[in-house]
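The block underneath contains the structure these notes are about, expressed in structure tokens.
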Amino acid sequence: MAYDHYGSDDALSLRELPSPKVGPGEVRIRVRRAGVNPVDWKAMSGGLDALMDAVFPVVPGWDVAGVVEAVGIDSPEFAVGDEVVAYARRDVLHGGTFAELVTLNVRAVARKPGALGWDEAGGLPLAGLTALQSLDRLAVTEADTVLIHGGAGGVGSLAVQIAAARGARVIATASPGNHDFLAELGATPVAYGEGEVGRIRSAAGGPVDVVVDFVGGVSEVTSAVLARGGRHASIADPSVQQVGGSWFWVRPSSEGLAELGRLADAGLLRVPVADVLPLEQLPVAFARSRQGHVRGKLVMVVSD
Ligand SMILES: NC(=O)c1ccc[n+]([C@@H]2O[C@H](COP(=O)([O-])OP(=O)(O)OC[C@H]3O[C@@H](n4cnc5c(N)ncnc54)[C@H](OP(=O)(O)O)[C@@H]3O)[C@@H](O)[C@H]2O)c1
85 MAYDHYGSDD ALSLRELPSP KVGPGEVRIR VRRAGVNPVD WKAMSGGLDA LMDAVFPVVP
145 GWDVAGVVEA VGIDSPEFAV GDEVVAYARR DVLHGGTFAE LVTLNVRAVA RKPGALGWDE
205 AGGLPLAGLT ALQSLDRLAV TEADTVLIHG GAGGVGSLAV QIAAARGARV IATASPGNHD
265 FLAELGATPV AYGEGEVGRI RSAAGGPVDV VVDFVGGVSE VTSAVLARGG RHASIADPSV
325 QQVGGSWFWV RPSSEGLAEL GRLADAGLLR VPVADVLPLE QLPVAFARSR QGHVRGKLVM
385 VVSD
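And the structure:
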């Protein structure tokens, strides 16, 4: 699936493109599953143009689970037939994962966790690394009470589990229909909206040590519930920096993916998959993601 210019979902079309070459330090992956992330449609609309060049036609997609089908010169880490996952962000918008083949530097690639099926593995990399790197930056440990804004989404549902696996006490916001889901993942659920600050304080029994924002526009709530000297970060709202928080972008990391794999293989992390759709339904998946209420991950099937 590719687009020739910035636009909305109707800019996407299914087409034949040349197979990507495999260079030194790279592997070429036959894609089985590719997870959908909000950044895919934000980038397609031109929202990243100030940060990255687009080389058209652009195949979108930054998540992949698949099988190595060719290894480049000096890529001893992998062999043909290896089952792998990767967060496939490049320096330019080009050559993404909603395609049969993608070539990536081995630095971004890790072995697929044995405990995860293909659908789950396809939804793991970007959201999983974002969740892990958020909690690492805030040095979350078992000593912390952590508030997660947006616990039911792709990133939030993984962050809840990782924070709980560290022994932290986790409070997470979602609409009431997702409260049982959050409780199963290990969080105390709280409804967002009017009265949210009081609900969070009463769930936490006071202020919280750490706040992680996966939604945006929640700085006032964060400031109202954070303990003096508490740590906070957002992945969705750069203005958090004006109120003492940090804002960051997730980085590709094979080591981070390996850590997520160890958590999955230990039974501490699963990837909630909201739906699995065939590749040609990518415009439908983007439209659903835009609504902002997917529970867990949407995953595209590229091949079986
Ligand atoms: N900076 C980075 O590196 C980075 C990395 C990944 C993602 N992001 C950004 O972070 C955001 C989240 O990504 P994602 O993949 O997790 O998105 P997502 O899966 O589309 O998130 C959907 C979830 O958001 C929840 N939600 C919507 N409004 C909410 C609110 N006001 N309060 C609490 N929860 C709310 C929904 O729960 P309900 O249905 O219960 O409302 C739904 O489960 C996106 O803006 C994305 O672009 C940034």
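First residue of the sequence shown? That's 85 in my numbering, and the numbers climb one at a time after it. Where a beta carbon is used, it is the ideal one built from N, C-alpha and C, also for glycine.
Item: ILE319 Cβ short of 7 Å to ligand 1 heavy atom set; Value: yes
Item: Boundaries of the beta strand (DSSP E) in which GLY313 is found, first to last residue; Value: 310-318
Item: The stretch 216-233 contacting the stretch 243-260, beta-carbon criterion three pairs below 8 Å; Value: yes
Item: Given 8 Å, three or more beta-carbon pairs between the stretch 350-359 and the stretch 203-215; Value: yes
Item: Inter-residue spacing [alpha-carbon to alpha-carbon] between MET384 and ASP124; Value: 13 Å
Item: PRO122, enclosing alpha helix (DSSP H) - first and last residue; Value: 122-128
Item: Exposure of TRP146, with buried meaning 16 or more beta-carbon neighbours within 10 Å; Value: buried
Item: Cutoff 8 Å: ARG173 Cβ touching any chain B Cβ; Value: The chain inventory of the structure shown lacks chain B, comprising one protein chain alone.
Item: Own chain residues within Cβ distance below 7 Å of LEU188, not counting five before or after; Value: GLU110, VAL111, ILE113, ALA170 and ALA172
Item: Beta-bridge pairing of SER330 - partner residues as DSSP gives them; Value: ALA317
Item: Cβ-heavy atom distance, THR272 to ligand 1, below 7 Å; Value: no
Item: Euclidean distance between Cα positions of SER97 and PRO160; Value: 36 Å
Item: THR214 Cβ short of 7 Å to ligand 1 heavy atom set; Value: yes
Item: Distance CB(SER373)-CB(VAL120) smaller than 8 Å; Value: yes
Item: Exposure of LEU101, with buried meaning 16 or more beta-carbon neighbours within 10 Å; Value: exposed
Item: For VAL111, the first and last residue of its enclosing alpha helix (DSSP H); Value: Segment 110-119 is the beta strand (DSSP E) holding VAL111; no alpha helix (DSSP H) there.
Item: Exposure of VAL163, with buried meaning 16 or more beta-carbon neighbours within 10 Å; Value: The displayed chain sequence assigns Ala, not Val, to residue 163. It is exposed - the Cβ of ALA163 has fewer than 16 other Cβ atoms within 10 Å.
Item: Inter-residue Cα distance where the pair is LYS196 and GLY150; Value: 8 Å
Item: Spatial neighbours of LEU216 in its chain, beta-carbon cut-off 7 Å, leaving aside the 5 residues before and after; Value: ILE246, GLY340, GLU343 and LEU344
Item: Distance CB(VAL142)-CB(PHE182) smaller than 8 Å; Value: no
Item: Chain-order list of residues whose beta-carbon lies under 6 Å from that of PRO362 (same chain, five-residue window excluded); Value: VAL385
Item: Closest residue to ASP297 among GLN365, LYS105, VAL309 and VAL139 (Cα-Cα distance); Value: VAL309
Item: Whole-angstrom distance between ALA243 and GLY267, CA atom to CA atom; Value: The sequence as given places Ala at residue 267; Gly does not occur at that position. Using only the alpha carbons, I get a separation of about 13 Å.
Item: Strand pairing of ARG253, partner residues [DSSP]; Value: THR229
Item: Chain-order list of residues whose beta-carbon lies under 6 Å from that of VAL139 (same chain, five-residue window excluded); Value: VAL176 and HIS178
Item: Inter-residue CB distance, ALA320 and GLY300 (contact presumed, cutoff 8 Å); Value: 4 Å
Item: Bounding residues of the alpha helix (DSSP H) (the contiguous stretch that carries ALA267); Value: 263-269
Item: Among SER318, HIS263, SER303 and ALA252, the one whose alpha carbon lies nearest that of ALA288; Value: ALA252
Item: According to DSSP, residues forming a beta bridge with LYS381; Value: VAL357
Item: Alpha helix (DSSP H) runs wholly inside the stretch 190-230, at least 4 long, in chain order; Value: 202-207 and 209-221
Item: heavy atom of ligand 1 below 7 Å from ARG379 C-beta; Value: yes
Item: Close beta carbons around GLY314, own chain, < 8 Å, minus the five adjacent residues each side; Value: PRO291, VAL292, ASP293, VAL294 and VAL295
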